[in-house]
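Heads up, the thing below is written out as structure tokens.
Residue numbers (our numbering): 1025 to 1397.
Now the structure itself:
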């Protein structure tokens, strides 16, 4: 029985592979491709494209190899989507700044289905503008100040749970290999939880100044409010975006602190002074104290990470576990000794050109200044 199943899979795969040229020819007959001038590159295997090549090695090696062969702009096929890759700051500036109005962000359909079609980053125009203003207003400094005690409780609880487990956290073996179907089920459950919270607020007449409160109280010029589906999609979308960026920041700052003992000691001293001023951590952090962390803030630029690192360096012991593998920073001349410290030593050299350009544009780094100025 098992042999028959394998044989059926092989036949299905071969038939799909053989039908690909015919389907591609039919598609070209409907859309005259000779009208479009595409950059050089390779589309890889049918359906799969070059996805396996990208994920079977360091992505930086994949892109640097393509760049050397085809130039700074090349075409490829990743995750089921034909795409054009930009490998230079000039090209990125063309898309993101100079001619940004000619482009719009798109995402795989699977991601849109998992997060929700009404999330603001799946839209452009008036709807996107309205929702973006609502999200920004819910993240104003006055609102963020009130979130500090809750963020601190979550950070301390997470650190204590890790320390109390009595074992090294091995992310390779403990990482959940969740299927897309399970992710959709989790998203459905999250939608139900948000629905219950929305119903509770409506029944009790609660008026909160958080993101959910801003979305619930919104009315357009016609007096229409957002549906529960639109509210849930945008809440989940913001959670999705914030979780990934915050987790990445915390991961890399731990690496940089571990790589530079001098920097680690300086951050420890800065946090220890605040820790002692709070009677040895008996009193919670305040907004003013998060503003008095210039060294740490230069490293992190995120409120959640600031609070986590404060408790991490003042209450927990550091150990070096395992060896460090090389990191590819090309094509920019960024040193492996530690990116943030090189920014402080000499801000005119060894800095990614795109970062330098963004630094000249105050509006591009407004969010960073909000937390770190």
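Don't be surprised by glycine CBs; every beta carbon is placed ideally from N, CA and C. Note that this is a predicted model, so its numbers are computed, not measured.
{"Check": "Indicate the three-state DSSP secondary structure (helix, strand or coil) for residue 1100 in the structure shown.", "Outcome": "strand"}
{"Check": "Can you give me the C-alpha to C-alpha distance between residue 1291 and residue 1304, rounded to a whole angstrom?", "Outcome": "17 Å"}
{"Check": "Any idea what DSSP makes of residue 1267, helix, strand or coil?", "Outcome": "helix"}
{"Check": "Relative to the alpha-carbon of residue 1242, which residue among 1156, 1269, 1089 and 1137 has its alpha-carbon at the smallest distance?", "Outcome": "1156"}
{"Check": "Using DSSP bridges, identify the partner residues of residue 1108.", "Outcome": "1099"}
{"Check": "By DSSP, does residue 1073 sit in helix, in strand, or in coil?", "Outcome": "strand"}
{"Check": "What first and last residue would you give for the alpha helix (DSSP H) that runs through residue 1209?", "Outcome": "1204-1228"}
{"Check": "Under 8 Å by Cβ, that's how I've got residue 1140 and residue 1257 pegged, so tell me the actual separation to the nearest angstrom.", "Outcome": "3 Å"}
{"Check": "Which of the three DSSP states, helix, strand or coil, is assigned to residue 1174?", "Outcome": "helix"}
{"Check": "Going by beta carbon distance, what residues of the same chain come within less than 8 Å of residue 1224, once the five residues before and after it are set aside?", "Outcome": "1230"}
{"Check": "So residue 1108 and residue 1064 are supposed to be a Cβ contact under 8 Å. How far apart are they, rounded?", "Outcome": "About 11 Å; that fails the 8 Å criterion."}
{"Check": "Which residue or residues does DSSP assign as beta-bridge partners of residue 1065?", "Outcome": "1099"}
{"Check": "Can you name, in chain order, every residue of its own chain whose Cβ lies under 7 Å from the Cβ of residue 1158, other than the five neighbours on each side?", "Outcome": "1238, 1239 and 1242"}
{"Check": "What is the DSSP secondary structure of residue 1316, reduced to helix, strand or coil?", "Outcome": "coil"}
{"Check": "Could you say if the segment 1129-1139 and the segment 1204-1214 meet the contact criterion of at least three C-beta pairs nearer than 8 Å?", "Outcome": "yes"}
{"Check": "Is the beta carbon of residue 1102 closer than 8 Å to that of residue 1075?", "Outcome": "yes"}
{"Check": "To the nearest angstrom, report how far apart residue 972 and residue 1265 are at their CA atoms.", "Outcome": "Past the boundaries of the shown model lies residue 972; the chain is included only from 1025 to 1397, so the question cannot be answered."}
{"Check": "What first and last residue would you give for the alpha helix (DSSP H) that runs through residue 1300?", "Outcome": "1285-1301"}
{"Check": "What is the residue span of the alpha helix (DSSP H) that residue 1151 lies within?", "Outcome": "1149-1162"}
{"Check": "Would you report the Cα separation of residue 1174 and residue 1220, rounded to the nearest angstrom?", "Outcome": "21 Å"}
{"Check": "Would you mind sorting residue 1309 into buried or exposed? The rule is 16 or more other CB atoms within 10 Å of its CB.", "Outcome": "buried"}
{"Check": "Roughly how many whole angstroms lie between the Cα atoms of residue 1169 and residue 1307?", "Outcome": "16 Å"}
{"Check": "Could you give the distance in angstroms between the alpha-carbon of residue 1172 and the alpha-carbon of residue 1093?", "Outcome": "50 Å"}
{"Check": "For residue 1105, is the classification buried or exposed, using 16 other Cβ atoms within 10 angstroms of its Cβ as the cut-off for buried?", "Outcome": "exposed"}
{"Check": "Of the residues 1080, 1252 and 1122, which one's Cα is nearest the Cα of residue 1142?", "Outcome": "1252"}
{"Check": "Quick one: using the 10 Å Cβ neighbour count with 16 as the cut-off for buried, is residue 1312 buried or exposed?", "Outcome": "exposed"}
{"Check": "Do you know how far the Cα of residue 1073 is from the Cα of residue 1015?", "Outcome": "Here the chain comprises residues numbered 1025 to 1397, so residue 1015 is not present and cannot be evaluated."}
{"Check": "Mapping DSSP to helix, strand and coil, what is residue 1183?", "Outcome": "helix"}
{"Check": "Let me confirm a value: residue 1228 is counted as buried when at least 16 other C-beta atoms fall within 10 Å, else exposed. Which label applies?", "Outcome": "exposed"}
{"Check": "Measuring straight from C-alpha to C-alpha, what distance separates residue 1298 and residue 1284?", "Outcome": "22 Å"}
{"Check": "With C-beta atoms as the reference, is residue 1110 less than 8 Å away from residue 1121?", "Outcome": "no"}
{"Check": "Name the two residues that bound the continuous alpha helix (DSSP H) containing residue 1125.", "Outcome": "Taken as a continuous stretch (DSSP letters only), residue 1125 belongs to no alpha helix (DSSP H), as it is neither H nor E."}
{"Check": "My output table needs one value for residue 1091: the three-state DSSP class, helix, strand or coil.", "Outcome": "helix"}
{"Check": "Would the beta-carbon of residue 1067 fall within 8 Å of that of residue 1089?", "Outcome": "no"}
{"Check": "Where does residue 1375 sit, in a helix, a strand or coil, going by DSSP?", "Outcome": "Residue placement at residue 1375 cannot be trusted, given a pLDDT of 35 that sits under 50; the coordinates are not used to answer."}
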